[in-house]
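Heads up: the sequence shown begins at 1 in UniProt numbering, then just goes up one per residue.
By construction, the Cβ of each residue, glycine as well, lies at the ideal position given by its N, Cα and C atoms.
Just below is one structure, and these are the notes that go with it.
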Amino acid sequence: MEAILTRVQKPARYVGGEWGSVMKDKKNVDLRFAFCFPDTYEVAMSHLGSRILYGLLNDQKGIWCERVCAPWIDMEAEMRAAGIPLYGLESGDPLTDFDIIAFTLQYELSFSNILNMLDLGGIPVLAKERTDLRHIVACGGPCAYNPEPLADFVDLFMIGDGEEIMLEFTDLYRKAKREGWSKQDFLIAAAQIEGMYVPSLYEVKYHEDGTIESVTPTHGAPAMVQKRIVKDLDTMYYPESFVVPSTDIVFDRAMIELFRGCPRGCRFCQAGHTYRPLRTKSKEVLLKQAEAVLKNSGYEEISLSSLSTSDYGELSGLTECMLDYCEPRHISLSLPSLRADSFSAELMERVQKTRKSGLTFACEAGTQRLRDVINKNIREEDVLHACEIAFQGGWNNVKLYFMMGLPTETYEDLDGISDICKKVAYCWRENTPNRARGVRITASASCFVPKPQTPFQWDAQDTLETFREKQAHLKVVMKTKNVTYNWHDAETSVLEGVIARGDRRQGRAILLAWQRGCKMDGWDQCFDFEKWIQAFRDCGLDPEFYASRQRPMDEVFPWDHIGCGTRKEHLKREWERSREAVITPDCMHQCAGCGASALLKGGKCRV
């Protein structure tokens, strides 16, 4: 291993031993849990959810949770050549020494890495080939709201908040291990845990046209698997310290979570629908958690994390108190996910007390008509007013995010992206106190992917050719000085669209693509679109059937038996409103009747 580390990039990724990592005596442990992130160390260590669950599990007596990250291609090649299996960062023990091997599903293009990590760790990739109780493969996270493409490889999925379901799962496993249960007996019992989905206990039938006819549970499994939620975030487990990485990571800072859910209801946003209902933490709890994490980690920056930070009701008082703590200690306070319609001079002044970084505003669409279609309740004047405040305060770096390929989009909507950028550049010239400094305006346009459990789950995704035509059009019209135009690779978005709304028949294609060398597909230097498309075709599957087909409103989806709390009737109603470009008020002003508050069992959403 020492010789290998001298030959690979960033060897600190692979050695462990970081401040805050947990070591336990194996003699006192009856459950070894591998928490696997199917991407590189830098991405894994930036994920807040993984940090929370790592702390939660290691706080339990008798459980040792270790981190396992996907090695970069150079390290993997060295490991395979030397016969070194994938291992836990804390102990260095191979994956075969662990009882539960759990993956977080953040991105569809990481699915091939799951297979690759299992194989590198000496674990059979197919669930049917893992016949005993050991080496249970579990998954959770955003992509678990359509678990079907991974049904061939994963034993069970945890739907919803991991903090709520994880200990019931591990308690059941420890009991099964003590009493010598079979794997099948364990899976049947696990399916009775609310929020636990065991794909092998469901039979799927298809119509001749390839659509789903029915999904039938067996062995007493529930017909609908409803997600689990933490009802009170103030009493939810939160670690007092994080593992401090020994090399640079993507988001190298402390984080506290303001709330879960989002009141806005953007129709394209999967997180906004699957994280409902809205649940907040009190200011007092947040201040206590922030102080503990900063003291125990030594971080010099802290971020307030949520889907829409500026919607936190006590944000003004919270930032004032946090700055009182941070300023004397030279700690930066970061406020991501600010909305243009909530940006104020007061908030700007507080942010720039510790650090003046760039500002980011998600406009999403270039015209008001299309913003109404997607229910993005901001106006062009909101964006310009926010930029005016920022430029007057000395900012000269603004990023604007857009999407192309949204339902009902026209070329007039694309031209609107260029128009907004021109107006922002003009706004800077009119409001900056120092023109000599110049301005940097970055406009990024990603390719829209219709996601399950959203109002746009019925919509066709643009084809690769259409995306390329629209990107070429934007390159022509985006000619404003000081505006840099970036666009997302259309091929990765198309494959994301194929898998996002896939069914369990896709398992054959995912397996074949991995066998042909596909891995690290979220990285441009590794992604091979043609290899993926050919794998689908060789398995008798049409990628366009999944991505670029408009779905009838009565179609049975592969994920219809997975409940996110938001009713399908509500999603249909929102789809219909989108076609009329009618907005739905945010949850802070009017309840849309999505149904998610029922998960609180008599409680109400809190803003």
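Sequence-distant residues of the same chain with beta carbon closer than 8 Å to residue i, five excluded per side
i    : result
S282 : D234, E314
D415 : G366, V477
V607 : Because the pLDDT of V607 is 44, which lies under 50, any placement of that residue in the model is unreliable, and the number read from its coordinates should be weighed accordingly. The residues are P263, L278, T280, D311, G313, C587, M588.
V29  : G62, I63, W64
Cut-off 6 Å between Cβ atoms - residues of its own chain near residue i, not counting five sequence neighbours on either side
i    : result
G55  : P239
V439 : N396, W428, N482
A581 : R369, D372, V373
D521 : L109, S112, F527
Q226 : G563
E168 : I193
M403 : E364, S446, F448
L464 : A490, V494
T442 : K399, T484
Nonlocal neighbours in the same chain, by C-beta distance under 7 Å from residue i, ignoring five residues either side
i           : result
W532        : L495, A513, C518
D586        : P263, R264, G265, N377
R549        : A460
S306        : E257, L258, F259, Y312, S337
residue 616 : Residue numbering for the chain in the displayed model covers 1 to 607; residue 616 lies beyond these limits and cannot be assessed.
Local conformation of residue i per DSSP, three classes
i    : result
N58  : helix
P94  : strand
P217 : strand
F361 : strand
I188 : helix
Y145 : helix
Q226 : strand
M117 : helix
L571 : helix
Y87  : strand
I193 : coil
R32  : strand
W64  : strand
Y206 : strand
P11  : helix
V607 : The predicted position of V607 is uncertain, since its pLDDT is 44 and thus under 50; no value can be drawn from it.
T104 : strand
G507 : helix
S597 : helix
F536 : helix
F527 : coil
F111 : helix
F467 : helix
I249 : coil
S446 : strand
Enclosing alpha helix (DSSP H) for residue i [first to last residue]
i    : result
C421 : 411-431
F169 : 162-179
S493 : 490-500
S316 : 315-326
S297 : 283-297
P543 : 543-547
A3   : 2-5
Q368 : 368-373
One or two residues paired with residue i in a DSSP bridge
i    : result
V244 : W19
I256 : L304
L333 : I302
I441 : V398, V483
Buried or exposed by the 16-neighbour rule on C-beta atoms within 10 Å, applied to residue i
i    : result
V250 : exposed
A127 : buried
R132 : Note that residue 132 corresponds to Asp in the displayed sequence, not to Arg. Exposed: under 16 other Cβ atoms inside 10 Å.
H330 : exposed
W19  : exposed
M588 : exposed
R505 : buried
M255 : buried
P455 : buried
Q453 : buried
H273 : buried
G180 : exposed
Bounding residues of the beta strand (DSSP E) (the contiguous stretch that carries residue i)
i    : result
G140 : 136-140
W458 : Premise fails: W458 is in no beta strand (DSSP E) and is neither H nor E.
I73  : Note, I73: premise wrong, no beta strand (DSSP E); alpha helix (DSSP H) at 73-82.
N397 : 397-404
I389 : Premise fails: I389 lies in the alpha helix (DSSP H), 380-392, not in any beta strand (DSSP E).
L156 : 156-158
Y275 : Per DSSP, Y275 belongs to no beta strand (DSSP E) and is neither H nor E.
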